[in-house]
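Chains as they are written, first to last, in full-length UniProt numbering: chain Z, 1 to 417; chain P, 1 to 417. C-beta atoms are modelled at their ideal positions from N, C-alpha and C, and glycine is treated no differently. I have placed the structure first, in the form of structure tokens, so that the comments after it can refer back to it.
Protein chains: 2
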Amino acid sequence: MARIVMKFGGTSVADLDRIRSVAARVKRQVDLGDEVAVVVSAMSGVTNQLVGYCQSLSPLHDAREYDAVVATGEQVTSGLLAIALQAIGVEARSWHGWQVAFRTDGAHGKARIEAIEAGQLIARMQAGQVSVVAGFQGIGPDNRITTLGRGGSDTSAVALAAALKADRCDIYTDVDGVYTTDPRIVPRARRLDKIAYEEMLELASVGAKVLQTRSVELAMKERVRIQVLSSFVDGPAPYEDGTDSLLPGTLVVDEDEIVEKEIVAGIAYSRDEAKITVRKVPDRPGVAAAVFWPLSEAHVNVDMIVQSTGSDGTTDMTFTVGKSDLALAIRVLEAAHGDIQYGEMLTDADVAKISVVGVGMRSHAGVASTMFRTLSDRSINIQVISTSEIKVSVLIGADYTELAVRALHSAYGLDVS
Amino acid sequence: MARIVMKFGGTSVADLDRIRSVAARVKRQVDLGDEVAVVVSAMSGVTNQLVGYCQSLSPLHDAREYDAVVATGEQVTSGLLAIALQAIGVEARSWHGWQVAFRTDGAHGKARIEAIEAGQLIARMQAGQVSVVAGFQGIGPDNRITTLGRGGSDTSAVALAAALKADRCDIYTDVDGVYTTDPRIVPRARRLDKIAYEEMLELASVGAKVLQTRSVELAMKERVRIQVLSSFVDGPAPYEDGTDSLLPGTLVVDEDEIVEKEIVAGIAYSRDEAKITVRKVPDRPGVAAAVFWPLSEAHVNVDMIVQSTGSDGTTDMTFTVGKSDLALAIRVLEAAHGDIQYGEMLTDADVAKISVVGVGMRSHAGVASTMFRTLSDRSINIQVISTSEIKVSVLIGADYTELAVRALHSAYGLDVS
């Protein structure tokens with residue numbers, strides 16, 4: 001017997017038929033003898049509709065009212081799923097965020113969970129009742145409904161799993177796991193059986209959006225084991241004989257749980273960055289601060305940074321910013337020209353960032369050089385390099401994205417055999 | 001300066017444009033210097049959609065889950081109206097039923113309000129903030145959301161007006177007041193300026209469904225002055241000069257407030273009844289109980305009752321039941337044949353009940369005889385008669401409904417001149 005939190009996203013509860021099929025899946029888990037709590041998102045499309053209403057009435061609407069309106073989407077789903085569960089003989093009860101309660105701070109529209117009062121839910125789970133919890137929401141210090149920001153239901157589920165000391169948090173979604181890379185680019189991409197939290201974070205933050213980043217950070221901090229699996233594809237599990245019916249998916253766990261560590265877990269890419277080069281900056285102490293301080297003041301997030309020193313007492317600084325921040329960054333740097341005293345500024349929005357991620361590279365040399373050689377063999381020019389303990393990222397021309405991802409996927413032996 | 005509760009029904013908040021126009025109307029009230037609280041229904045169609053979801057997942061769904069799902073409709077509207085008010089510079093805050101709180105009993109789906117904790121709302125009204133309250137809902141003893149039953153938002157508004165000691169409860173709806181009869185039948189029907197609670201109750205319960213009956217009962221008990229008015233038609237009120245901008249509507253008040261009492265306030269009709277006659281029942285004590293006890297056990301509501309004694313020691317009993325209860329009533333009486341020992345049972349679903357209502361008839365004789373003569377002049381046969389202090393009702397063939405209503409409307413001088 002295990003204690004499981006099951007989370008179903010918007011496409012998994014998109015209509016009444018899907019809600020019935022989610023109920024059947026929850027029943028299977030209950031029939032295995034597990035203690036189960038469920039976290040649900042709004043039926044897909046509902047949140048967008050409610051957000052659109054608020055937006056249309058006032059572009060600068062009060063975040064407290066936005067929260068009160070938008071949180072109803074998940075509340076509806078939780079009640080409907082409770083009804084669907086009861087209809088097939090599973091004892092169930094719905095819970096809105098304020099009822100549990102999920103205590104959050106007062107940052108409406110992007111609140112953080114501070115505590116979950118889970119005592120009542122634990123008692124009910126132990127008595128055999130399934131708790132169906134509305135995700136994405138909580139209650140703030142002023143007793144008003146808060147929401148956690150888009151995609152916040154993943155975070156609700158992980159936080160609830162931590163509060164319930166659950167054995168696992170199963171995130172049902174419209175993909176059947178985490179892949180070594182985007183299967184739309186590499187058809188031979190392979191589903192990972194296990195991935196470490198840190199790898200998941202690196203893959204998520206560079207574009208593999210299976211789980212919300214915050215939920216993975218929270219899982220890592222609270223040591224919650226996540227399983228990502230599909231609510232659409234049924235596996236060949238033999239339910240009759242009583243063995244666990246869970247479909248193959250991807251476990252997101254502590255790296256200690258991964259015995260056979262792959263050197264490289266996956267290849268991620270992002271086309272959301274733009275490159276800025278400030279040329280012929282006087283090479284003296286404080287110049288990096290002169291460049292990056294005004295950007296950070298303007299809330300422009302800077303990612304990869306390279307500085308190369310020339311021979312004439314000047315230096316070139318190259319870095320990337322989010323593509324949507326490029327115009328703002330240009331304005332900021334033009335305004336700061338007097339302070340920085342650069343020669344010229346070059347920008348290029350036509351770039352892609354390719355990252356090779358894996359906790360195994362901590363103990364294996366040669367990962368970066370394999371990357372560079374592979375790209376060089378395809379005549380792909382590397383514009384910027386940045387590395388961390390478990391990641392090597394390069395910036396290349398956007399046109400080469402697919403070619404680079406496919407070549408690297410093969411080079412690291414990730415293709416499904 | 002007055003303290004006003006304004007209530008807007010589903011058609012008045014049917015879409016964003018209507019919500020904007022409701023906001024403008026609330027602003028006008030605020031600009032008059034009044035303290036204002038607003039009660040809203042769900043956007044029209046939303047409640048039916050949510051009820052349909054519950055019904056479709058399980059015809060015998062848990063009323064607690066139904067309540068949690070269905071109450072979200074009003075919650076959405078309250079947040080949206082708060083946003084719309086803020087957008088035009090009116091300070092506003094939304095309140096769900098549990099936040100106010102509206103304390104109810106635990107009868108999910110048809111809860112009764114037991115207390116309203118209005119202190120916070122009064123403080124905010126006095127500070128100039130408009131409270132936008134989600135109607136139709138409260139919170140039960142077990143801390144779960146309850147709903148008051150269909151049309152319950154009228155009751156929410158009246159109860160809130162009582163708790164706030166408001167000067168008036170303005171019910172905005174899709175008609176512009178209470179009429180002397182159904183204008184679809186009598187184009188010359190007249191809008192009443194004032195009507196007494198008891199008259200309103202008699203008119204509502206016999207088919208003039210402007211206000212929910214419960215809300216009128218509550219208003220009568222708590223002495224809440226109700227004004228029924230249209231949210232669709234704008235009156236010619238001169239807003240510039242600061243005089244009260246309220247449109248003409250109908251005030252529902254204590255009869256003491258009505259100086260010039262009309263003898264007859266209105267003519268109501270209902271086609272929702274069916275007639276049952278049990279013939280040749282032994283005329284002995286206890287026979288009425290033998291007939292009506294099993295019906296009340298089966299929750300069949302009996303309305304008009306007439307008993308006529310024959311010469312052969314038997315009696316005929318005629319009475320009406322709701323048309324939807326007719327089949328059940330027949331089964332019950334057939335099963336009770338041994339106890340009652342009636343000769344035969346006749347039924348007729350093709351009847352209509354016509355009622356003449358007015359508090360003035362307490363002090364005026366001749367109202368009933370005018371009714372009988374008027375119908376007789378049109379050769380309309382009266383099947384059953386029943387009277388109360390302020391009402392005379394007759395049962396006639398359904399085909400004569402319009403003819404009877406028109407003739408009576410003229411006979412009592414109600415036609416608009």
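Short CB-CB distance (under 8 Å) between residue i and chain Z
i	result
V351 of chain P	no
L121 of chain P	no
A327 of chain P	no
L201 of chain P	no
L50 of chain P	yes
T11 of chain P	no
A237 of chain P	Confidence in A237 of chain P is poor, its pLDDT being 41 and thus under 50, which makes the residue's placement unreliable; the coordinate value appears in the next sentence. Chain Z contact via Cβ: absent.
C-beta neighbour in chain P for residue i, strict 8 Å
i	result
A87 of chain Z	yes
S56 of chain Z	yes
V332 of chain Z	no
L148 of chain Z	no
N143 of chain Z	yes
Y53 of chain Z	yes
Chain-order list of residues whose beta-carbon lies under 6 Å from that of residue i (same chain, five-residue window excluded)
i	result
I19 of chain P	V13, L80, L81, A84
K391 of chain Z	E202, S355, V357
R191 of chain P	G177, Y179
Y400 of chain Z	I380
S215 of chain P	D154, T155, V158
D325 of chain Z	V300
Same chain, Cβ closer than 7 Å to residue i, five either side skipped, listed in chain order
i	result
A111 of chain P	T104, D105, G138, G140, T146, T147, L148
F292 of chain P	V302
V39 of chain P	V5, K7, V133, G135, S153, S156, A157, L160
A163 of chain Z	I116, A118
T11 of chain P	S44, D174
L328 of chain P	A298, V300
I185 of chain P	E402, V405, R406
Residues of its chain near residue i, where Cβ-Cβ distance is below 8 Å and the 5 sequence neighbours each way are ignored
i	result
T387 of chain P	A368, S393
S296 of chain Z	V302
V76 of chain P	A42, M43, V46
G360 of chain Z	K261, E262, I263, V264, A265
R93 of chain Z	A82, R124, Q129, V130, S131, V132
W95 of chain P	S78, L121, S131, V132, V133, A134
CB contact below 8 Å: residue i versus chain B
i	result
L333 of chain P	The structure shown has no chain B; the protein chains it does contain are Z and P.
Report yes or no: do the stretch 98-112 of chain Z and the stretch 128-147 of chain Z share at least 3 C-beta pairs separated by less than 8 Å?
Segment contact: the stretch 98-112 of chain Z against the stretch 128-147 of chain Z, three or more CB-CB distances shorter than 8 Å; contact assigned.
Of all the beta strand (DSSP E) runs that stay within the bounds of the UniProt domain "ACT" (276-359) of chain P, which reach a length of 3 or more residues?
For the beta strand (DSSP E) assignment, the uninterrupted runs of no fewer than 3 residues enclosed by the UniProt domain "ACT" (276-359) of chain P are, from N- to C-terminal side, 302-309, 314-322, 344-348, 351-357.
Residues of the stretch 13-24 of chain P with a CB closer than 8 Å to any CB of chain Z: list them in chain order, please.
Cβ contacts with chain Z come from L16, I19, R20.
Touching by the beta-carbon criterion (3+ pairs, under 8 Å), the stretch 42-56 of chain Z and the stretch 82-94 of chain Z:
Result no; under three Cβ-Cβ pairs closer than 8 Å.
Taking beta-carbon pairs under 8 Å, can you tell me which members of the stretch 111-141 of chain P lie near chain Z?
Under the 8 Å Cβ criterion, the stretch 111-141 of chain P contributes no residue.
Near-chain Z residues of the stretch 58-86 of chain P - C-beta to any C-beta below 7 Å:
So the close ones are S58, H61, D62, E65, A68, V69, T72, Q75, V76, G79, L80, A82, I83, A84, Q86.
Are three or more beta carbon pairs between the stretch 251-270 of chain P and the stretch 336-343 of chain P nearer than 8 Å?
At 8 Å Cβ cutoff, the stretches do not touch.
Counting only runs of 3+ residues fully inside the stretch 98-141 of chain Z, write out the beta strand (DSSP E) ranges in chain order.
Counting only runs of 3 or more, we get 102-104, 113-116, 130-134, 137-139.
By the 8 Å beta-carbon criterion, what residues does the stretch 94-113 of chain Z contribute toward chain P?
Result list: S94, H96, W98, Q99.
Could you tell me whether the stretch 308-323 of chain P touches the stretch 273-281 of chain P, where touching means 3 or more Cβ pairs closer than 8 Å?
Segments in contact, yes.
Given 8 Å as the limit, is there contact between the stretch 406-415 of chain Z and the stretch 364-378 of chain Z, that is, 3 or more CB pairs closer than that?
Touching, yes, given that three or more Cβ pairs across the two stretches are closer than 8 Å.
Three or more C-beta pairs below 8 Å linking the stretch 220-228 of chain P and the stretch 247-255 of chain P:
By the Cβ test, the stretch 220-228 of chain P is in contact with the stretch 247-255 of chain P, since at least three Cβ pairs between them sit closer than 8 Å.
Quick check for students: name the residue ranges of the alpha helix (DSSP H) that lie wholly in the stretch 188-224 of chain Z, counting only runs of 4 or more.
Qualifying alpha helix (DSSP H) stretches, in chain order: 197-205, 213-222.
May I have a chain-ordered list of the alpha helix (DSSP H) segments no shorter than 4 residues that lie completely inside the stretch 38-80 of chain P?
For the stretch 38-80 of chain P, whole alpha helix (DSSP H) runs of length 4 or above, ordered along the chain, are 46-57, 63-70.
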